[in-house]
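First the structure, in the form of structure tokens, and then the observations on it.
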Amino acid sequence: MEEQVSKILKNALQEIEQAKELKILEDVKVKYLGKKGELTALLKMMGGLSNEERPKMGSLVNSAKSEIEEKLEVKEMSLQSEELAKKLESERIDVTLPATKARRGSKHPLNRVIEEIEDLFVSMGYDVVSGPELETDEYCFERLNLPKGHPARDMQDSFYISPEYLLRTQTSAVQARTMMANKEKTPIRVIVPGKTFRREDDATHSHQFNQVEGLVVDENISFADLKGTLEIFMKHMLGENTELRFRPSYFPFTEPSYEVDVSCFKCGGKGCNLCKQTGWIELLGAGIVHPNVLKMNGYDPEKYSGFAFGTGLDRLAMFKYGITDIRLLYGNDIRFLTQFDRKD
Ligand code: DAH
1 MEEQVSKILK
11 NALQEIEQAK
21 ELKILEDVKV
31 KYLGKKGELT
41 ALLKMMGGLS
51 NEERPKMGSL
61 VNSAKSEIEE
71 KLEVKEMSLQ
81 SEELAKKLES
91 ERIDVTLPAT
101 KARRGSKHPL
111 NRVIEEIEDL
121 FVSMGYDVVS
131 GPELETDEYC
141 FERLNLPKGH
151 PARDMQDSFY
161 ISPEYLLRTQ
171 TSAVQARTMM
181 ANKEKTPIRV
191 IVPGKTFRRE
201 DDATHSHQFN
211 QVEGLVVDEN
221 ISFADLKGTL
231 EIFMKHMLGE
241 NTELRFRPSY
251 FPFTEPSYEV
261 DVSCFKCGGK
271 GCNLCKQTGW
281 IELLGAGIVH
291 PNVLKMNGYD
301 PEKYSGFAFG
311 TGLDRLAMFK
321 YGITDIRLLY
331 GNDIRFLTQF
341 DRKD
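Those letters in the sequence shown? Residues 1 to 344, by the working numbering.
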């Protein structure tokens with residue numbers, strides 16, 4: 001039995017010495033010291049020995065056991081640090097390599113225009129408000145003095161979802177919403193940028209487009225306020241030399257109503273292909289809020305007056321950036337969008 005112990009010890013130490021990985025070392029440990037291990041088997045046989053032999057063999061086996069355990073521990077530590085060093089080596093990062101370039105997005109030209117307008121009007125004391133894109137016939141038309149069957153509805157061929165609901169054709173719908181929400185509280189000074197929808201589709205019209213609406217209601221609001229405001233607005237967007245021209249027009253929710261032209265910023269009013277040789281570009285609808293609209297939405301027209309205007313943001317962005325097809329604004333083509341990535 002003594003021989004057996006020293007043989008097991010010798011083999012165990014040799015195998016420990018040769019183990020190249022922690023996993024193999026673990027196997028060695030199980031092979032000798034595990035429940036069914038070789039040394040454990042010897043310990044189990046002790047019961048069969050005589051009383052004299054038992055202590056002697058016991059101490060022999062135990063000292064072999066502790067020697068194996070000790071060696072296992074030492075080897076385990078050295079293998080662990082070896083493996084860690086290998087891992088560190090393989091995961092080493094070369095901090096001097098050039099970094100992968102982060103792709104920077106750029107602001108959509110429409111959002112640039114919207115933000116510019118918002119900043120300007122907020123600086124003049126306006127609030128920026130929004131309304132639902134799925135609108136009721138009542139707010140999109142009826143409360144703006146366009147009762148059912150009114151011929152002016154034809155100008156805005158629409159997407160109806162049901163007889164009552166449609167995709168809003170104009171941000172003017174939010175005029176009525178704002179007045180109804182404030183009821184006689186003044187002043188109202190809001191702009192409403194947002195999406196609008198009509199059944200159209202060609203190079204200058206899209207089924208979805210963007211408008212910005214403006215509404216001011218207070219006591220003693222006059223045409224002079226409208227004119228001054230639009231002048232500031234257009235000069236800010238298109239340049240200080242921009243001039244405005246008010247032409248009489250018709251909108252059901254304003255009286256009087258105007259189409260507002262701006263002097264062509266490409267040719268300065270001399271006439272070119274952009275302004276079709278006229279020197280002017282039609283850009284806005286505007287007017288003095290119709291007394292019926294004030295009345296229908298909770299304001300006494302004898303006491304209050306207001307002005308309103310609306311313009312297409314797509315057209316404005318197209319002029320500002322020289323874009324010739326409105327559909328480019330909605331195509332999500334990276335090559336188009338990154339062209340506006342300039343510091344301005
Ligand atoms: N909502 C009109 C349109 O879509 C534009 C407009 C005209 C808005 C006159 C106004 C306004 O507020 O006073 O064509």
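Built from N, CA and C at the ideal position, the CB exists for glycine as well. Since we're looking at a predicted model, the values are computed, not measured.
| Check | Outcome |
| --- | --- |
| Are the beta-carbon atoms of residue 168 and residue 133 separated by less than 7 Å? | yes |
| Could you check how far apart the C-beta atoms of residue 253 and residue 172 are, in whole angstroms? I think they sit under 8 Å. | 6 Å |
| Is there at least one non-hydrogen atom of ligand 1 closer than 6 Å to the beta-carbon of residue 309? | yes |
| Does ligand 1 have even one heavy atom less than 6 Å from the beta-carbon of residue 208? | no |
| Exposed or buried, which one is residue 341 when buried takes at least 16 other CB atoms within 10 Å? | exposed |
| Please classify residue 380 as buried or exposed, where buried requires at least 16 other C-beta atoms within 10 Å of its C-beta. | Any property of residue 380 remains undetermined from this structure, which presents the chain solely from 1 to 344. |
| Give me the Cα-Cα distance between residue 312 and residue 116, rounded to the nearest whole angstrom. | 14 Å |
| Is the beta carbon of residue 307 less than 7 Å from the beta carbon of residue 226? | yes |
| Quick check on the DSSP output: the beta strand (DSSP E) that includes residue 256 runs from which residue to which? | 254-263 |
| Considering only residues of the same chain and omitting the five flanking positions on each side of residue 263, which have a CB-CB separation below 7 Å? | 242, 243, 269, 279 and 280 |
| Is the closest heavy atom of ligand 1 to the C-beta of residue 223 under 6 Å? | no |
| Under 8 Å by Cβ, that's how I've got residue 232 and residue 305 pegged, so tell me the actual separation to the nearest angstrom. | Going by Cβ atoms, the distance from residue 232 to residue 305 rounds to 20 Å, so no, they are not a contact pair. |
| Going by beta-carbon coordinates alone, are residue 182 and residue 293 separated by less than 7 Å? | no |
| Among the residues of its own chain, which have a CB less than 6 Å from the CB of residue 249, if the five just before and after it don't count? | 257, 258 and 259 |
| What's the call for residue 97, buried or exposed, on a 16-neighbour Cβ count within 10 Å? | exposed |
| What do you get for residue 338, buried or exposed, if any count of 16 or more other CB atoms within 10 angstroms of its CB means buried? | exposed |
| Can you grab the Cα-Cα spacing for the pair residue 49 / residue 61, in whole Å? | 13 Å |
| Measure the CB-CB distance between residue 71 and residue 8 and report whether it falls below 7 Å. | no |
| Can you give me the C-alpha to C-alpha distance between residue 136 and residue 106, rounded to a whole angstrom? | 35 Å |
| For a test of your reading of the model: does the CB of residue 204 fall under 6 Å from any non-hydrogen atom of ligand 1? Yes or no. | no |
| Out of 283, 111, 218 and 276, point me to the one whose CA is closest to residue 302's CA. | 218 |
| Which residue comes first and which comes last in the alpha helix (DSSP H) that contains residue 345? | Nothing can be reported for residue 345, as the shown portion of the chain is limited to 1 through 344. |
| Between which two residues does the beta strand (DSSP E) containing residue 195 stretch? | 188-197 |
| Does the separation of the CB atoms of residue 240 and residue 261 fall below 7 Å? | no |
| Rounding to the nearest angstrom, what Cα-Cα distance links residue 344 and residue 122 in this structure? | Here the model assigns residue 344 a pLDDT of 47, short of 50, so the residue's position is not dependable, and the following value carries that caveat. Whole-angstrom Cα-Cα distance: 20 Å. |
| Rounded to whole angstroms, what's the CA-CA distance from residue 195 to residue 209? Just pull it up for me. | 6 Å |
| List the whole-angstrom C-beta distance separating residue 46 from residue 58, where the pair is believed to meet the contact cut-off of C-beta under 8 Å. | 6 Å |
| Report whether the distance from the Cβ of residue 351 to the nearest heavy atom of ligand 1 is below 6 Å. | The first residue shown for the chain is 1 and the last is 344, placing residue 351 beyond what the model contains. |
| Mind checking whether residue 310 and residue 285 have CB atoms under 7 Å apart? | yes |
| Roughly how many whole angstroms lie between the Cα atoms of residue 155 and residue 188? | 28 Å |
| Should residue 170 go down as buried or exposed, given a rule of 16 or more other Cβ atoms within 10 Å for buried? | buried |
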